[in-house]
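Visitor: Below is one structure. I have some questions about it.
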RNA sequence: GGCCAGUUCGUCUAACGGUUAGGACUCAAGAUUUUCAUUCUUGCAAUAGGGGUUCGAUUCCCCUACUGGCUACCA
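Here it is, written out as structure tokens:
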């Protein structure tokens, strides 16, 4: 436990703590005599620079869970003055989706968490190594040759072998086992009876390989070992090697490595210090640990942290694209058009402020231990800690997402909001005075969650009411009202200049000196000007729409001049 | 089925052996306000169950239940 924390500290400090590591090594060896215990602490000669990577697969748009993983990587890197690398894991040629890579890059950019390495300024993946991008290329499909060498190395060391079993034969073995209520495992217990190079001599294997028969390379899981490893979030985990299977490292289908091989090789070559990824990878960690060991890279092996998953708002399982469609909230940061033309909502297009989205994501599975909930990216960078990442999955709550946006909206500058509101008004063909927009926005933004709410919240600033809320009419348009409104009309006509200050108190005084009910008169006036029970103070509204428009609206209110007024025809 | 991880209000979470178990979202009530909203106050609401260890367990250990992930020539 303590060691876990110390290990982390050791890594992120710049001063050498050789003797300290020495102690840890001794403790380890005493403790785990017959077990493989990894990771061992870093070799003190290596650089202690924090280097993390976000390594998505371009099989579709980046899910908000993926964005959160990227965010945590970004925060961790920034906090330690390290590097945040984007690596594209496109070794699955079957599921590759054009445009997904660009989408990922654009999403990170929108969220304000762009990678510092792997992507050049124009948003393209760096292909040629450069001082800024020393490990290019960062697309695994372009690193193919590299992996082959390492796969061969494992075979020649005896840590991996060629397997010739057809997918069909494996499938039937699986079904057989399933029929008996068991699970088929291609591993220590079964591999000797299967069609692979373990039972063949070198000549025979070479012959089989040259015969053009399809082959894969499988990792040879060692037998009867307790594999003990550490996760920065979950602590120590032990797995019995016999329960693992001999995973395919090299595919015959497309002649590319699988995730497991490519991932370990690249993390090593790219000098990754911490692997921060989703919990779905936890079951593969023992395999990865074994791979580091086989390559004898344990001294520079990264530390691992597996993040809890994001769960559906209701029901069972992890958050998926369908939940968004079903419940009406975005699951993706940006809108996505699939190659088939299917459109998925995005937070950006739905009107979310990027920082609100990021803030919400940061608090899913992490918290600083205080009661503060609103954080700038800057603050998050200072406060973030893997120690405070929660272990259990977090159910996503769309309502809380609204709340975050509401919080950010009200602190956003009026001029900035006015600019996006102006676009909205133009689209809706509503004429407006750009000069007045910031003031209007300032009056209504506390009532809104999104900029798009402004439309309904402020319609009366741009157009006179055409309908009058019936309930309000019944409640506030009493028999004596038309007379009083007519009097107020005359009173307002005398006010010059027509500003909030010149209206507010004089009007209140006028009403009071007449010994009228403030509520009754003001509500009736609101009915004339707004047509509904909404909006800021009447003086605010009237000063913005101007004297002329104010008087016109009063005059145009049905029955405002006649007295007594019949309650119809509103 | 097997393996791994998890389990505190409806939801997100705090409390790293001693608290009237705290906060936030949602919901409800009240106050303020010329309306709506904001704001403020209050309320509803939780330690999965069972065993241990301990003076004392949400916290440590074990069992059970449940939840999630993985179990592909996908990542």
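Numbering (our numbering), first residue to last: 27 to 596.
The beta carbon of each residue, even a glycine, is placed where N, CA and C say it ideally should be.
Bear in mind that the values here come from a model prediction, so they are computed numbers and not experimental data.
#1: Within a Cβ cutoff of 7 Å, which residues of the same chain sit near residue 118, ignoring the five residues on either side of it in sequence?
#2: Starting from residue 276, follow its DSSP beta bridges and name the residues at the other end.
#3: Thinking just about the alpha-carbon of each residue, which of 316, 302, 203, 259 is nearest to the one in residue 252?
#4: Quick one: residues in its chain with C-beta nearer than 6 Å to the C-beta of residue 290, no 5 flanking neighbours on either side, listed in chain order?
#5: For residue 344, which of 91, 77, 87 has the nearest alpha-carbon?
#6: Whole angstroms are fine: how far does the CA of residue 531 sit from the CA of residue 542?
#7: For residue 100, which residues from the same chain have a beta carbon less than 7 Å from its beta carbon, with the 5 sequence-adjacent residues on both sides left out?
#8: Which one of 282, 555, 155 has the shortest CA to CA distance from residue 243?
#9: What three-state label does DSSP hand residue 413 in the structure shown?
#10: Looking at residue 337: is its Cβ nearer than 7 Å to the Cβ of residue 421?
#11: Could you please give the first and the last residue of the uninterrupted beta strand (DSSP E) stretch that includes residue 259?
#12: Measuring CB atoms only, is the segment 491–504 touching the segment 555–567, in the sense that at least three cross pairs come out at less than 8 Å?
#13: Indicate the three-state DSSP secondary structure (helix, strand or coil) for residue 370 in the structure shown.
#14: For residue 288 versus residue 179, is the C-beta spacing smaller than 7 Å?
#15: Does DSSP classify residue 598 as helix, strand or coil?
#16: Output the distance between the C-alpha atoms of residue 81 and residue 491, rounded to the nearest integer angstrom.
#17: Only counting runs of 4 or more residues, tell me where the alpha helix (DSSP H) segments fall wholly within the segment 325–373, in order along the chain.
#18: Checking the sheet assignment: what are the DSSP bridge partners for residue 230?
#19: Could you give the distance in angstroms between the alpha-carbon of residue 183 and the alpha-carbon of residue 241?
#20: Can you give the Cα-Cα distance for residue 477 and residue 402, rounded to whole angstroms?
#21: Relative to the ligand ZN, is the shortest distance from any of its heavy atoms to the C-beta of residue 153 smaller than 6 Å?
#22: Please list the terminal residues of the continuous beta strand (DSSP E) segment that includes residue 271.
#23: Measuring straight from C-alpha to C-alpha, what distance separates residue 589 and residue 463?
#24: From residue 364 to residue 306, what distance separates their C-alpha atoms?
#25: What is the DSSP secondary structure of residue 188, counted as helix, strand or coil?
#26: Any idea what DSSP makes of residue 296, helix, strand or coil?
#27: Can you give the Cα-Cα distance for residue 59 and residue 412, rounded to whole angstroms?
#28: Apart from the five residues on each side of it in sequence, which residues of its chain come closer than 6 Å, Cβ to Cβ, to residue 297?
#29: Please list the segments of the alpha helix (DSSP H) lying wholly inside the segment 437–499, counting only runs of 4 or more residues, in order along the chain.
#30: Say whether the segment 430–439 touches the segment 371–385, bearing in mind that this needs 3 or more beta-carbon pairs closer than 8 Å, one atom from each stretch.
#31: Distance, Cα to Cα, residue 210 vs residue 250?
#32: Which of the three DSSP states, helix, strand or coil, is assigned to residue 110?
#33: Can you round the beta-carbon distance between residue 351 and residue 328 to whole angstroms, since I take them to be within the 8 Å contact cut?
#34: Determine which residues share a DSSP beta bridge with residue 421 and list them.
#35: CB-CB under 7 Å to residue 96, same chain, minus the five flanking residues each way: which ones, in chain order?
#36: Can you give me the Cβ contacts of residue 577 inside the same chain, cut-off strictly under 8 Å, excluding the 5 residues immediately before and after it?
Guide: In terms of the structure at hand:
#1: 83, 85
#2: 243, 283
#3: 316
#4: Cβ within range, chain order: 314, 317.
#5: 91
#6: 15 Å
#7: Excluding sequence neighbours, residue 100 sits near 110, 139.
#8: 282
#9: helix
#10: yes
#11: Neither: residue 259 is in no beta strand (DSSP E) and is coded neither H nor E.
#12: yes
#13: Residue 370: strand per DSSP, three-state reduction.
#14: no
#15: Nothing about residue 598 can be reported from this structure: the residues present for the chain run from 27 to 596 only.
#16: 55 Å
#17: Inside the segment 325–373, DSSP marks whole alpha helix (DSSP H) runs of 4 or more residues at positions 347–353, from first to last along the chain.
#18: Its beta-bridge partners do not exist; DSSP assigns none.
#19: 18 Å
#20: 20 Å
#21: As far as ligands go, the structure on display features none, and thus does not contain the ligand ZN.
#22: Run containing residue 271: none; DSSP gives neither H nor E here.
#23: Its pLDDT being 41, under 50, residue 589 is placed unreliably in this model, and the value from its coordinates should be taken loosely. For residue 589 and residue 463, the distance between alpha carbons rounds to 37 Å.
#24: C-alpha separation (whole angstroms): 25 Å.
#25: DSSP places residue 188 within a strand segment (E or B) once states are collapsed to three.
#26: Coil.
#27: Unreliable placement is indicated for residue 59, whose pLDDT of 29 sits below 50; the coordinate value is still reported in the next sentence. Those two C-alpha atoms are separated by around 29 Å.
#28: Closer than 6 Å at the Cβ level, and outside the excluded window around residue 297, lie 77.
#29: 440–453, 463–470, 480–488
#30: Contact holds between the segment 430–439 and the segment 371–385, because three or more Cβ pairs, one in each stretch, are under 8 Å apart.
#31: 18 Å
#32: In the structure shown, residue 110 sits in a strand (DSSP, three-state: E or B).
#33: No, residue 351 and residue 328 are not in contact; Cβ-Cβ is about 37 Å, not under 8 Å.
#34: 337
#35: 80, 134, 139.
#36: 515, 518, 519
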